[in-house]
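Participant:
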Amino acid sequence: MQNVRNGLVVASIAALLAGCGGGGGSAAPSAPVAVSPPPPVADVPAPAPAPENEPAPAPAPIPVLATSYANAKEQDFQAITLPKEAEYADAYAQADFRQDGNLMLFAAIIKYDVKNPATIDTPSVFQFYRKNDAGAWVPAANMIDTPVGCVHPRKAAVADFNNDGRPDILVACTGFDAEPFAGEENFLVLSTASGVYTSKPIPSTPGFFHGAAAADFNDDGNIDFVVTDTTVNSKGRMFLGNGNGTFTENTLLPDALAKQHFFTVEATDVNGDGKVDLLFGADEYLGDSRSQIVIGDGTGNFKGSRVIGLPNEPAHGTILDFVVKNHAIYALRTSSKKEDFYETKAVQKIDMTTLAGTTVYAVKGQGWIKWLIPTATGVVSDNAQNTGGAMY
238 MQNVRNGLVV
248 ASIAALLAGC
258 GGGGGSAAPS
268 APVAVSPPPP
278 VADVPAPAPA
288 PENEPAPAPA
298 PIPVLATSYA
308 NAKEQDFQAI
318 TLPKEAEYAD
328 AYAQADFRQD
338 GNLMLFAAII
348 KYDVKNPATI
358 DTPSVFQFYR
368 KNDAGAWVPA
378 ANMIDTPVGC
388 VHPRKAAVAD
398 FNNDGRPDIL
408 VACTGFDAEP
418 FAGEENFLVL
428 STASGVYTSK
438 PIPSTPGFFH
448 GAAAADFNDD
458 GNIDFVVTDT
468 TVNSKGRMFL
478 GNGNGTFTEN
488 TLLPDALAKQ
498 HFFTVEATDV
508 NGDGKVDLLF
518 GADEYLGDSR
528 SQIVIGDGTG
538 NFKGSRVIGL
548 PNEPAHGTIL
558 DFVVKNHAIY
568 ALRTSSKKED
578 FYETKAVQKI
588 DMTTLAGTTV
598 YAVKGQGWIK
608 WLIPTATGVV
618 SDNAQNTGGA
628 MY
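Letter by letter, the sequence shown follows residues 238 to 629 of the numbering used here.
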């Protein structure tokens, strides 16, 4: 605007000179040219200073995913160090149990002594933990109405069994882990409107339930689950959910799975067709047991499903867990032979195109581990206390 105004002033001066004739002519002088002042510039307020000590926004709740596999292995959880009293627990899981954006831990702590039959009915303790300011797990108060659990909790599978948007926990239970291996019922730790969880057994014929997986198998909007009954009935068993934390057992698994000594099961999409499949891991030392993939079609009826056998691994014949990643299946293995009973750990990588298996990690003499989680390049133990270096 200043340049425009200067231009107008120069123009008016030139006009005045022209009106004077340049040499004393007699023409009347021209009228002066009016020049408008530039418009005032509006004051722009300075940005307000940020308020001091403004609280950080509350974290968003961590959602409950569609399968127990996804809740354990697709949430980008890191390996954890279990609390001292729970360091030998088999059944533990992380989730946002308060739905406040903060991870918590559930652990089922075994209290009986397998060498003392007098303790055969001693129940476990179900405990929730939160992180303190130092990042350590400490007991979380007022999270469960009763901490009394099953005798031998073997696996914790997280899913939303009552359709309230909060994570619940299926606890697969084996019962006293010695002769006669009578088994027991599974337990459900269920969320309530008050925020307090309630623990109760799931009515069924008892079993030695060594593994469990949850998903909506029949696409009715309710979470179902399947368990491995290792010694009592030697088969997989499926329970369809009613959407309120109750279940109805069915017989929709293939007959080929009967009389198989399965130690673990996972439910995830193995072949990439968008349908949930089942992965059964066997104790391959027992009878003709063989690990299997059961291909699902989304109906929940696996009776006529295609069953694909997985390659055995004679040195580590007991499968404890699976991870599916980059068109490969990672099988976590140990040995249950008498001479090295649960004193080995190995990872077998199975190519989904060729079904060829390669042992990519194996260590003897350092015990076994429970569960795997995926990494950017492969898999690793979910327990930071596990020794023996990296896995693959």
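Glycine included, every Cβ here is placed at the ideal spot set by N, Cα and C.
(1) Quick one: using the 10 Å Cβ neighbour count with 16 as the cut-off for buried, is SER305 buried or exposed?
(2) Which residues bound the alpha helix (DSSP H) around TYR325?
(3) Whose C-alpha, out of ARG543, THR467, PRO443, is nearest the C-alpha of GLN497?
(4) Compare the Cα-Cα distances from VAL616 to each of CYS387, TRP374, ASN563, THR581 and report the closest residue.
(5) With ALA613 as the anchor, note down where its beta strand (DSSP E) starts and where it stops.
(6) Out of GLN622, ASP337, SER526, point me to the one whose CA is closest to ALA208's CA.
(7) Could you spell out where the beta strand (DSSP E) holding ASN400 opens and where it closes?
(8) To the nearest angstrom, how far is it from the Cα of ASN379 to the Cα of ARG367?
(9) Taking contact to mean at least 3 C-beta pairs separated by less than 8 Å, is the stretch 518 to 536 in contact with the stretch 579 to 586?
(10) Buried or exposed, going by whether 16 or more other CB atoms sit within 10 Å of the CB of LYS472?
(11) Helix, strand or coil for ALA264 per DSSP?
(12) Give me the DSSP bridge partner(s) of ARG367.
(13) Identify every residue that forms a DSSP beta bridge with GLU421.
(14) In the stretch 445 to 503, which residue ranges form an unbroken beta strand (DSSP E) of at least 3 residues, counting only runs that do not cross its ends?
(15) May I ask you to report which of helix, strand or coil DSSP gives TYR306?
(16) Compare the C-alpha of PHE578 against each of THR356, LYS601, ASN308 and name the closest.
(17) Give the range of the beta strand (DSSP E) segment to which ALA583 is assigned.
(18) For the stretch 339 to 353 and the stretch 406 to 418, state whether three or more C-beta atom pairs, one from each stretch, are separated by less than 8 Å.
(19) Terminal residues of the continuous beta strand (DSSP E) containing SER436?
(20) Going by CA-CA distance only, name the one from THR485, ILE606, ASP401 that's closest to LYS392.
Facilitator: In this structure, then:
(1) It counts as buried.
(2) Per DSSP, TYR325 is not a residue of any alpha helix (DSSP H), being assigned neither H nor E.
(3) Ranking ARG543, THR467, PRO443 by Cα distance to GLN497 puts THR467 first.
(4) The option with the nearest alpha carbon to VAL616 is ASN563.
(5) Looking at the DSSP string, ALA613 is not in any beta strand (DSSP E), and its letter there is neither H nor E.
(6) One cannot answer for residue 208 here, as it falls past the ends of the chain, which runs 238 to 629.
(7) ASN400 -> no beta strand (DSSP E), and no H or E assigned at all.
(8) The alpha-carbon atoms of ASN379 and ARG367 are separated by roughly 12 Å.
(9) Output reads no: the stretch 579 to 586 does not touch the stretch 518 to 536.
(10) So LYS472 counts as buried.
(11) Only weak support exists for where ALA264 lies, its pLDDT of 39 falling under 50; the coordinates are left without a value.
(12) BP columns for ARG367 point to VAL375.
(13) DSSP, once it has assigned bridges, lists GLY444 as partnering GLU421.
(14) When DSSP assignments are scanned along the stretch 445 to 503, the uninterrupted stretches of beta strand (DSSP E) that are 3 or more residues long and fall wholly within it turn out to be 446 to 452, 461 to 466, 472 to 478, 484 to 487.
(15) Correct three-state label for TYR306: helix.
(16) The shortest CA-to-CA distance from PHE578 to any of THR356, LYS601, ASN308 is the one to LYS601.
(17) Taken as a continuous stretch (DSSP letters only), the beta strand (DSSP E) holding ALA583 covers 581 to 588.
(18) Taking 8 Å as the limit for Cβ pairs, the verdict is that the stretch 406 to 418 does touch the stretch 339 to 353.
(19) Looking at the DSSP string, the run of the beta strand (DSSP E) that includes SER436 is 435 to 438.
(20) The option with the nearest alpha carbon to LYS392 is ILE606.
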